[in-house]
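Reading through the structure tokens given below for one structure.
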Amino acid sequence: MVQFLFVKLGSNPETRPIVEKIRSRIPGCRILGVEERLDASDSVFDEIITSHDDALFGSYSKFDLTSLHMSAELYEEVRVFEGQAMRMIDRIKYHNQAEYIPPLGGVGRYSDSFDARADLIFRHSLFWDYILRSRKIDAVVSQNFSHLGFDLPLVKFCQNRSIPHLIFHDVGQFPGVLYVQERVEDLGNLRLGESIRSICGDRLMPETPNRVTSHLPRLLGDPALLHPANTPSAIAQGSRFKTGALSSLLNQANPRLEVNTASDVANALRGKLTRLIQHPGKTLVGSTRTFMRIVRTRRSMKDEAAFSDKAIPNCKFVYFPLHFQPEASTSAKGRHFVDQREAVALVASTLPVDWMLVVKEHPHQWRRLYPRHRNYWRRIASIPRVRVIHHTFENPIIVQRCEGVVSISHSSIGVESWARGKRVVFLGDSHLREAPGVCCASSAEELRQLWANDAKHLPSETEIFSYLQRVEYATFEGALYGTPAGIPATMVGDFLLRTQHNITEVILCWLAMKGLTKQP
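Here this note's numbering is used: position 400 in the sequence shown is 406, and no number is missing along the way.
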């Protein structure tokens with residue numbers, strides 16, 4: 007009997023039919039799963055081993071972790087990714103622990119510190135080691151890359167122990183488009199997707215035509231009519247984007263919301279008053295935490311203002327728009343550049359002597375009430391040939407003037423700049439690794455060569471279009487959580503049916519490629 011583990015895929019109404027279809031196509035298989043909630047009453051898994059609300063703070067309440075210990079052999083595996091995990095779980099300090107299952111066995115409430123993170127990583131590692139050994143898992147399928155830390159040990163153990171692992175991944179630039187990879191280090195390598203599509207052939211239902219190539223006019227700055235399922239969210243930035251404390255409170259720290267009118271303000275205040283009346287204790291605790299985040303964020307904003315300019319330099323420069331943090335792009339795909347100070351210092355050290363590096367804060371950092379570390383901007387500004395620009399400065403003006411753009415893994419600004427003929431560098435792991443003209447640099451020398459090359463050698467519009475055609479062939483249309491924003495209600499049913507059918511075929515094909523079942 008083969009045993010499969012599904013991480014989050016199959017934990018929602020949209021993807022449960024995929025699990026059921028696979029079970030019906032592979033008689034006798036057993037499918038274990040990671041649910042959204044441990045008490046899910048409509049789960050389709052043969053065994054729920056854990057859930058998002060059970061795993062995030064290392065509860066794993068269905069198993070006795072107190073009887074497990076970190077052996078020397080296991081730590082040899084853990085120590086390799088321990089530092090990465092310490093950085094990745096930085097973001098859980100912003101999660102409300104009251105909404106999660108508390109750990110057992112004498113483990114206290116999580117309070118972010120070095121010791122707390124180290125202990126949490128050990129608990130995650132002990133749990134996944136036990137599951138892989140006791141359940142004898144033959145293959146793992148994940149809805150996305152690990153970015154909250156709890157399943158990072160699973161990812162690494164699968165690699166070390168040669169357990170096949172298929173990972174789906176979607177990106178903001180191409181909504182409704184799913185990449186397939188077996189390791190985060192392979193992100194952007196399109197060969198696996200190409201092979202699966204070639205083998206599946208006519209078994210796949212027809213997808214939306216030009217779902218990737220139709221983005222090219224938009225990337226070039228021209229209006230484009232996109233299918234609703236493939237339309238990206240608008241970038242909320244610029245001088246008109248509010249980042250003050252009041253704006254964060256009224257917009258629930260959400261950069262996609264914008265309270266503008268008196269009616270909007272009244273509704274927002276009414277909602278907060280209702281929560282206070284209905285849940286006074288919980289609301290007061292949450293308000294205290296929010297107030298402390300506001301204080302720390304305002305301190306960070308003052309730090310930024312003290313070391314930033316309101317004008318871009320007159321010399322040649324490269325633009326580095328920072329990512330807000332914590333976020334998945336840097337924590338899951340940034341490698342050691344999750345510390346963006348290191349990326350800034352690397353790039354600045356490779357520039358020609360008469361160039362500068364312009365660095366700008368992501369305004370979502372402040373709207374989300376994510377403070378930077380003490381002296382963060384002082385350290386950035388002290389790097390030779392770095393100019394910090396205030397976060398309210400308009401991106402289009404900077405991009406138009408710059409010689410190139412640098413991002414961690416990817417960014418909307420970087421992708422648009424690439425399509426418009428700028429040099430572009432993506433540090434870490436990027437889904438645009440194989441794009442013509444994109445530099446996924448791994449050394450300072452590669453960057454020096456990039457800046458020295460004539461910008462006229464950048465890819466043509468025809469080359470970019472050909473690459474997008476290849477991406478379209480190597481990826482699969484679908485949404486593995488919820489439905490795409492903006493898609494008309496009349497189209498949702500067909501879109502989900504197509505997702506369920508095609509993703510089932512993709513998984514079955516991949517399992518057959520691994521020798522775990524026969525080709526359909």
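In this text, a Cβ means the ideal position worked out from N, Cα and C, and glycines have one as well.
- The segment 149–158 makes no contact with the segment 496–516; the number of CB pairs closer than 8 Å stays below 3.
- Residue 110 is positioned such that its CB atom lies closer than 7 Å to that of residue 67.
- Under the 10 Å beta carbon count, residue 320 is surrounded by fewer than 16 other beta carbons and is classified as exposed.
- Per DSSP, the continuous alpha helix (DSSP H) segment holding residue 198 begins and ends at 197–206.
- If the five residues before and after residue 427 are omitted, its C-beta is found closer than 7 Å to the C-beta atoms of 464, all from its own chain and listed in chain order.
- DSSP lists 36 as the bridge partner or partners of residue 9.
- Less than 7 Å divides the Cβ of residue 324 from the Cβ of residue 410.
- In the three-state DSSP reduction, residue 287 falls in the helix class (H, G or I).
- Boundaries of the alpha helix (DSSP H) around residue 339: 334–339.
- Within the same chain, 83 come within 7 Å of residue 166 by CB-CB distance, once the 5 residues on both sides are set aside.
- Beta-carbon to beta-carbon, residue 164 and residue 515 are separated by about 19 Å, too far to satisfy the 8 Å threshold.
- Secondary structure note for residue 176: it is in no alpha helix (DSSP H), and the uninterrupted beta strand (DSSP E) holding it is 171–176.
- Between residue 12 and the set 390, 174 and 100, the nearest pair of CA atoms involves 174.
- Here residue 47 carries a coil assignment [DSSP, helix/strand/coil].
- Residue environment: residue 179 is assigned as buried (16 or more neighbouring CB atoms within 10 Å of its CB, all protein chains considered).
- At a Cβ-Cβ threshold of 7 Å, residue 331 and residue 144 do not count as neighbours.
- Beta-bridge partners assigned by DSSP to residue 185: 175.
- Between residue 425 and residue 226, the C-beta gap is smaller than 7 Å, which places the two residues in contact.
- Judged by beta-carbon spacing, residue 329 lies within the 7 Å limit of residue 368, meaning their Cβ atoms are closer than that value.
- Out of 258, 333 and 474, the CA that lies nearest to the CA of residue 275 is found in 258.
- Within 10 angstroms of the beta-carbon of residue 291 lie fewer than 16 other beta-carbons, which makes it exposed.
- DSSP places residue 520 outside both helix and strand once states are collapsed to three, so it counts as coil.
- Judged by their CB atoms, residue 52 and residue 36 are nearer to each other than the 7 Å cut-off.
- The shortest C-alpha to C-alpha distance from residue 422 to any of 75, 443 and 434 is the one to 443.
- By alpha-carbon distance to residue 150, the top candidate from 335, 326 and 414 is 335.
- Excluding the 5 residues flanking it on each side, residue 446 has same chain C-beta neighbours closer than 7 Å at 432, 436 and 439, in chain order.
- Setting aside the 5 residues that flank it on each side, residue 489 is surrounded in the same chain by 498, each with a C-beta closer than 6 Å to its C-beta; the list follows chain order.
- Contact between the segment 182–196 and the segment 121–130 is not established, with fewer than three Cβ pairs separated by less than 8 Å.
- For residue 213, same chain residues with a beta-carbon under 8 Å away, outside a window of 5 residues either side, are 482, 483, 504 and 508 in chain order.
- By the Cβ-count criterion, residue 185 is buried, with 16 or more other Cβ atoms from all chains shown falling within 10 Å of its own Cβ.
- In this structure residue 80 touches residue 131 by the C-beta definition: roughly 7 Å separates them, less than 8 Å.
- With fewer than 16 other Cβ atoms inside 10 Å of its own Cβ, residue 139 counts as exposed.
- Here residue 281 is near residue 289, since their CB atoms are less than 7 Å apart.
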